[in-house]
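Numbering (full-length UniProt numbering), first residue to last: 1 to 513.
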């Protein structure tokens, strides 16, 4: 159920891969190129429409000019007293023999009878009656208006025509003239323009990507530096500051905000460290004094009966409070990055077998209801803080005692292992010849499988209704793992309900140990 819930919670919607895997730099370049292509596409469309419109208008103007010249020539011809005959048409016709409307012969002229609608004369390059006037166009032309039309001759050729009336010198309509020109040159120009714009778009997109990447990399380099510094930020490196490396106002503001943040954090950590150190000293001193006074009081032969029992109970609770306070202080120091302190004045050679015997004797004297059994104790030593190592082992043992019913037993053993389990991180300082392993097994109620991943979290306590312990704040295992990690090791656990739990403390040994 836990894995299913996590999977559902972390499920991402479709098409979210780009958002997760791409960097801000890539996304900025992508959007810049996309916007550039969109603008270029709109501009290309406008250019294509304007050029096509210009070419179409130029052709219409050329046809109109040709019609005006024909009308002027007609008026002059009749003003000179000539007749409307074949000689007139031969002079007007400018057709060149060849295929109609080819690129070489793009224009034609045709004369149509106003009464019958048949073609009287036409250019030699017009071999067919491809474009027949309809009645509406004929009526419009006879009323003295010009008519522009575009015809599709075949699947690949379009023709632009201008049909207009021919008048004599008395302004009477004597025939209908039609001039036309192939649109092939315009279509060819449009194809060339589209090819040019398409290639230009690809080249421009490539240039925009390259230039955008270079500019974006340059402008976002301060953000990369800021990100690297923030990733490396820790309690020991709060003094890190960034110098402004960009002229962008936003980058400067972000850099200033980061520097102010690290400055405030540094001051806060310094105050917290000083407070924790002061509290450690101020609380431990009176507790140590009280415990000393109680120990002296218990040695008084006159202390008997109920009074002696009450003082012993006070001594037990005081020891519990002292131990809890130590765990709290260790956790508080860990949260501000000063625990454990394994510098040269704290590190020493620690004989684990001797330390275990000392701890077991101390616990056996305190806990008579549970038997402490000692297994194999190899003579092993590690380098570390003896007090912290003792505190760690006592925490684990005390936890086992709390959850073991009277009549049960706890088994402690110290052995050597060549390889740690795969769940332990192999950090560089953990590469050693062998590992000292402390086994602490109890016959308590065990730990439920769903509790095991959380038992080393601070303030977490597994629900154990059969436990004898009603005390504890859930700090012992958390602090113990902190101490083990500080020594380059770790703590693992195996547990079965109703059978007990086994804790394994793994500590690396130097090759010479």
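The beta-carbon is built from N, C-alpha and C at its ideal position, and this holds for glycine as well.
query: Is the region 401 to 411 touching the region 439 to 448, taking contact as three or more C-beta pairs under 8 Å?; result: yes
query: Check this for me: beta carbons of residue 476 and residue 395, under 8 Å apart or not?; result: yes
query: For the pair the region 203 to 223 and the region 78 to 91, tell me if three or more CB-CB distances fall below 8 Å.; result: no
query: According to the Cβ coordinates, are residue 414 and residue 378 closer than 8 Å?; result: yes
query: Just to confirm before moving on: does the CB-CB distance between residue 390 and residue 359 stay below 8 Å?; result: yes
query: Below 8 Å between beta carbons: does that hold for residue 133 and residue 89?; result: no
query: Quick one: grab the DSSP three-state call for residue 95.; result: For residue 95, the predicted structure reports a pLDDT of 40, less than 50, and the residue's modelled location is therefore unreliable. A value from the coordinates is still provided. It is coil, neither helix nor strand.
query: Name the DSSP beta bridge partners of residue 110, please?; result: 122, 178
query: Quick test of the definition: if touching needs 3 or more C-beta pairs under 8 Å, does the region 66 to 82 touch the region 157 to 171?; result: yes
query: Contact defined as beta carbons within less than 8 Å: I believe residue 201 pairs with residue 37. What is the distance between those atoms, to the nearest angstrom?; result: 7 Å
query: Just grab the DSSP bridge partners of residue 383 for me.; result: 349
query: Throw me the rounded Cβ distance for the residue 363 and residue 416 pair, which I believe falls under 8 Å.; result: At roughly 24 Å, the Cβ-Cβ gap does not stay under 8 Å, so residue 363 and residue 416 are not in contact.
query: Go ahead and pull the three-state DSSP assignment for residue 299.; result: coil
query: By a C-beta neighbour count over all protein chains shown, 10 Å radius and 16 as the cutoff for buried, is residue 185 buried or exposed?; result: exposed
query: According to DSSP, is residue 150 helix, strand or coil?; result: strand
query: Tell me the rounded alpha-carbon separation between residue 152 and residue 160.; result: 9 Å
query: Quick check: residue 287 and residue 330, are their CB atoms within less than 8 Å of each other?; result: no
query: For the alpha helix (DSSP H) holding residue 42, just list the boundary residues, first then last.; result: 24 to 79
query: Just reading off the alpha helix (DSSP H) that residue 188 is part of, what are its end residues?; result: 184 to 231
query: Could you name the residues of the same chain whose beta carbon sits closer than 6 Å to that of residue 393, not counting the 5 residues immediately before and after it, in chain order?; result: 359
query: Looking at the structure shown, is residue 370 part of a helix, part of a strand, or coil, going by DSSP?; result: coil
query: Exposed or buried, what is residue 61 when buried is set at 16 or more other beta-carbons lying within 10 Å of its beta-carbon?; result: exposed
query: Can you check whether the CB of residue 258 is closer than 8 Å to the CB of residue 226?; result: yes
query: Considering Cα atoms alone, identify which of 295, 24, 207 is closest to residue 33.; result: 207
query: My output table needs one value for residue 145: the three-state DSSP class, helix, strand or coil.; result: coil
query: In terms of DSSP beta bridges, what is residue 412 paired with?; result: 374, 440
query: Pick from 311, 436, 157, 453: whose alpha carbon is nearest that of residue 487?; result: 436
query: Using three-state DSSP, classify residue 103 as helix, strand or coil.; result: With a pLDDT of 41 at residue 103, under the threshold of 50, the modelled position of this residue cannot be trusted; read the value that follows with caution. Coil.
query: Which residues in the same chain have their Cβ closer than 8 Å to the Cβ of residue 498, if we skip the five residues on either side of it in sequence?; result: 445, 446
query: So what's residue 421 in DSSP terms, helix, strand or just coil?; result: coil
query: Please work out which residues of its chain come closer than 7 Å, Cβ to Cβ, to residue 142, disregarding the five sequence neighbours upstream and downstream, and give them in chain order.; result: 114, 165, 173
query: Please state whether DSSP places residue 445 in a helix, a strand or coil.; result: coil
query: Between residue 149 and the rest of its own chain, which residues show a CB-CB distance below 6 Å, the 5 nearest in sequence each way excluded?; result: 161
query: What does a CB cutoff of less than 6 Å around residue 103 pick up in its chain, not counting 5 residues either side in sequence?; result: Because the pLDDT at residue 103 is just 41, under 50, the model does not fix this residue reliably, and the value given afterwards should be weighed accordingly. Around residue 103: 184.
query: Using DSSP bridges, identify the partner residues of residue 495.; result: 501
query: Please classify residue 275 as buried or exposed, where buried requires at least 16 other C-beta atoms within 10 Å of its C-beta.; result: exposed
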